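Chains P and E are the protein sequences, given in the same order. Going by numbering that gives the first Met the number 0, 38 is the number at position 39 of the first sequence; the sequence numbering is gapless. Going by numbering that gives the first Met the number 0, 11 is the number at position 12 of the second sequence; the sequence numbering is gapless. Virtual Cβ for every residue (Gly too), placed ideally from N, Cα, C. Just so we're clear, the structure is a prediction, and the values are computed from it rather than from any experiment.
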Amino acid sequence: MTDQSVPTLEDEDEVATRPGLEIRGLYKIFGPSPSRWIGAVKAGMTKTDLNRRHGHVLGLTDISLSIPPGRITVIMGLSGSGKSTLIRHINGLIAPTAGEILFDGTDVCRMSAAELRGFRRSRTAMVFQKFALLPHRTVLENTRYGLDIRGVPRAEAERAARRWIARVGLGGYENSYPSQLSGGMQQRVGLARALATDAEILLMDEAFSALDPLIRLDMQRILLELQEELHRTIVFITHDLDEALRLGDRIAILRDGRLEQVGTGQDIVLRPANDYIAAFVHEVNRARVIRLSAVATPLAETEEAPRLALPDRLVLEEAAREMLAAGAERALVVGPRRRPLGIVRIGDLLAGMVRPSGRPPTDQAPTGPRGKP
Amino acid sequence: MASACWGLPDAFCQFPAMDGKSLLLMRRTIDGTFRDIVRSWSGAIDAATAPLQIALNALERAFTSTPWIVVLALVLAIVWAGSRSWRIVAGTAVAMLAIGWFGLWRDTMVTLAMVSVCTAMAVVIGLPIGIAAARSDRMQRVINPVLDVMQTLPSFVYLIPVVVIFGIGKVPGMIAVVIYAVPPMIRLTNLGIRLVDAQVLEAAEAFGSSGRQKLWNVQLPLALPALMTGVNQTIMMALSMVVVASMVGVGGLGKNVLQAINNQFFTLGFLNGFALVAIAIIFDRTSQAFGQRLQQYRGAAHD
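Structure follows, in structure tokens:
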């Protein structure tokens with residue numbers, strides 16, 4: 000097992016040195032003259048006041064969020080919470096009223112039109128809720144699109160496109176038109192198109208929301224599988240808490256244009272920052288949400304490592320099933336590429352599955368809107 | 000008269016129009032100035048239109064002096080290339096042969112030459128203007144009222160300045176036809192581009208497309224149905240306008256129709272009228288079938 004942990008460490012180092020995204024003090028006001036009201040909004044004018052008295056809509060309020068490299072950050076919120084507005088700031092499709100988005104030392108919000116185009120061509124890619132494929136182009140031509148725009152030679156672009164089409168499981172459909180494919184297959188094309196550019200930032204705007212539940216699960220699995228290996232910096236927008244919990248290394252919950260809580264899935268389920276989030280996560284099936292990493296305890300040096308090894312991403316229910324099947328009392332929890340992280344007992348699983356009665360204990364302070372996991 | 004005016008003062012009853020003398024003076028002044036300007040520029044205008052005149056004459060000669068069998072074969076080949084439908088090709092053949100049988104071949108060729116040139120001009124002029132109107136709301140606000148005027152102003156009315164400026168002949172006729180035929184091209188280009196799925200456009204933008212790349216990769220291809228409707232409408236408008244343009248010296252079928260109206264030649268009028276209808280149908284079916292063939296990818300819908 001030790002020989003396999005070496006590449007993992009290298010991976011982590013490589014990921015850690017890559018630039019992440021840093022969103023600082025972002026405000027967005029929609030209306031004819033947003034800059035006129037930004038001062039008042041910063042001083043605390045409410046969304047309702049701004050709308051009723053001055054006819055401007057407050058889209059985002061004081062968003063500060065760091066998006067770590069090589070991880071999936073999910074921005075979750077109900078419709079109208081500003082999540083689609085927020086993700087469009089990252090590649091400059093929407094310009095903020097105030098604030099900055101730093102990537103690799105540059106502020107995306109201050110780029111010129113040409114710089115922004117270059118940034119979009121080489122550093123970011125996007126997947127859309129309604130796929131947004133070019134209907135008059137084949138799967139191959141759609142997948143090639145980002146490379147074509149960048150001026151990559153035809154043969155090279157085609158080779159890359161074919162490779163990614165195969166990777167998302169659409170081999171053989173290269174010459175089909177989008178209208179000939181089902182929704183799930185179309186979104187695979189959308190994913191292949193975004194991955195083909197090799198951009199490190201992948202923006203996914205409700206990418207799976209338009210799909211049937213089963214297809215959606217399938218796409219989530221594909222995304223997680225690809226991410227295992229690619230370690231892209233993914234910003235994933237969703238209104239679905241289950242999806243957020245399944246995909247997100249970090250989850251940011253947005254409500255009415257404000258960040259309510261930022262943390263890992265477990266953080267949010269175990270320590271909701273306020274009543275809104277508590278209500279949100281109340282009905283969550285903890286056995287299917289909380290992962291082994293949340294209940295694992297460190298392996299004592301004297302202790303013998305259990306034979307059964309379970310990945311840390313495994314949810315408690317799956318872990319329980321595996322352990323029951325193996326007749327094991329204890330199991331080793333391993334990270335990516337089987338790096339050992341800790342140990343888990345059947346009792347830990349049960350404790351994790353049961354929702355504590357009443358309100359969350361107060362001695363575990365909520366992480367707060369900008370808390371780090 | 001005051002009694003017939005419901006007891007109102009005269010001014011509210013009989014419209015206080017400007018008196019006949021000043022109106023006459025105004026007309027004379029404007030007409031005179033306009034004529035003087037045109038006269039002083041006539042050399043430049045003639046020089047500018049000379050190449051058009053030569054090109055039009057050459058094209059007309061090409062259509063009329065080529066043996067009819069060659070022209071027919073070419074027309075049928077074009078119709079086949081556009082529509083890929085034997086029915087449309089057969090219909091075209093029957094219509095063209097009937098036209099020849101009734102002795103209208105030469106006139107039809109003149110009209111065909113005129114309509115082809117005018118349509119091509121209208122598309123070449125209309126497409127960029129339509130694109131410009133789609134890209135900027137301000138541009139659209141300027142262009143729309145101009146198009147409204149162009150489309151509602153009776154065509155006879157703007158024949159007058161065209162004749163004053165360019166005189167009588169093919170070129171002024173062509174200019175009148177193009178002015179008449181270009182509005183649908185502009186409007187439908189504008190509309191087609193504006194109706195392009197905003198999400199697809201956003202996707203192109205998100206991948207870093209430049210304005211030009213968005214235009215060629217997304218906007219024009221997705222606006223194609225509207226563009227093809229625009230071309231189709233332009234052809235129809237041009238065909239109907241060549242008849243009116245015969246009043247300023249454009250030959251062909253239109254001239255025969257004008258003659259038939261003036262002399263009440265019932266049969267001549269209808270034969271020429273039907274010849275125009277036949278050409279219109281050929282153009283229409285071919286361009287529509289072509290447009291549909293370009294969008295076959297839409298037909299293969301999954302569900």
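According to the DSSP assignment, E:R186 belongs to the alpha helix (DSSP H) that extends over K169 to R193.
Here DSSP, grouped into helix, strand and coil, assigns P:Y26 to strand. The beta carbon of P:A251 is closer than 8 Å to those of L64, T72, V73, I74, M75, L258, Q260 and V261 in its chain, skipping five residues each way along the sequence.
Shortest Cα-Cα distance from P:R215 to any of P:A293, P:D239, P:L133 and P:Q265 involves P:D239. Counting the other Cβ atoms within 10 Å of the Cβ of E:C4 gives fewer than 16, which makes it exposed. Inclusion of P:F235 and P:Q186 in the CB contact set at 8 Å is not warranted, their separation being larger than that value. Distance from the CA atom of P:L253 to the CA atom of P:S80, rounded to whole angstroms, is 6 Å. For a Cβ distance threshold of 7 Å, residue set R116 of chain P lies close to E:S209, ordered along the chain. Our two residues, E:N255 and E:P171, have alpha carbons roughly 19 Å apart in a direct line.
When beta bridges are read from the DSSP output, E:G248 appears opposite no residue. At a beta-carbon threshold of 9 Å, none of the residues of chain P lie near E:V242; the nearest stands roughly 38 Å away. Boundaries of the alpha helix (DSSP H) harbouring P:E316: L315 to A325, taken from the DSSP string.
With a threshold of 16 other beta carbon atoms within 10 Å, P:F102 meets it and is buried. Within the region 130-157 of chain P, F130, A131, L132, L133, P134, H135, R136, T137, Y144, G145, D147, I148 and R149 place their CB atoms closer than 9 Å to a CB of chain E, listed in sequence order. Using a Cβ distance threshold of 8 Å, P:M322 and P:L340 do not count as a contacting pair. Three or more beta-carbon pairs drawn from the region 142-154 of chain P and the region 199-211 of chain E are found closer than 8 Å, and the two stretches are therefore classed as touching.
A Cβ-Cβ separation of about 15 Å leaves E:A133 out of contact with E:N216 under the 8 Å criterion. Straight-line measurement puts the Cα of P:I200 at about 15 Å from the Cα of P:G189.
Looking at P:T123, P:E157, P:Q128 and P:G145, the one whose alpha-carbon comes closest to that of P:L139 is P:E157. In terms of Cβ geometry, P:V126 and P:M203 form a close pair [threshold 8 Å]. Within chain E, the C-beta atoms nearer than 8 Å to that of P:L92 come from E201, E204 and A205, in chain order. By the rule that beta-carbons nearer than 8 Å mark a contact, P:S178 touches chain E. A residue is called buried when at least 16 other Cβ atoms come within 10 angstroms of its Cβ; E:R284 meets this threshold and is buried.
Taken in chain order, the complete alpha helix (DSSP H) segments of 4 or more residues contained in the region 260-300 of chain P are 264-269, 274-280, 285-288 and 291-294. In the DSSP assignment, P:A304 falls outside any beta strand (DSSP E) and carries neither an H nor an E. Spanning the alpha carbons of E:F101 and E:G251 requires a straight line of approximately 14 Å. If the five residues before and after E:P182 are omitted, its C-beta is found closer than 6 Å to the C-beta atoms of L146, M149 and Q150, all from its own chain and listed in chain order. Around the C-beta of E:N271, 16 or more other C-beta atoms lie within 10 Å, and the residue is accordingly described as buried. Among the residues of chain E, none has a CB under 8 Å from the CB of P:A160; the nearest is roughly 13 Å distant. Within its own chain, the residues whose Cβ lies closer than 7 Å to the Cβ of E:M95, once the five positions on either side in sequence are excluded, are L71 and V74, listed in chain order.
Residues of chain P whose Cβ lies closer than 7 Å to the Cβ of E:Q198 are, in chain order, F127, K129 and A131. In this structure the region 38-56 of chain E does not lie against the region 80-93 of chain E, because fewer than three pairs of beta carbons, one per stretch, are closer than 8 Å. DSSP places E:S41 within a helical segment (H, G or I) once states are collapsed to three. Interface with chain P (8 Å Cβ-Cβ cutoff): E:Q218 is excluded.
In the structure shown, the three-state DSSP call for E:I124 is helix. In the displayed model, P:P335 falls within a helix according to three-state DSSP.
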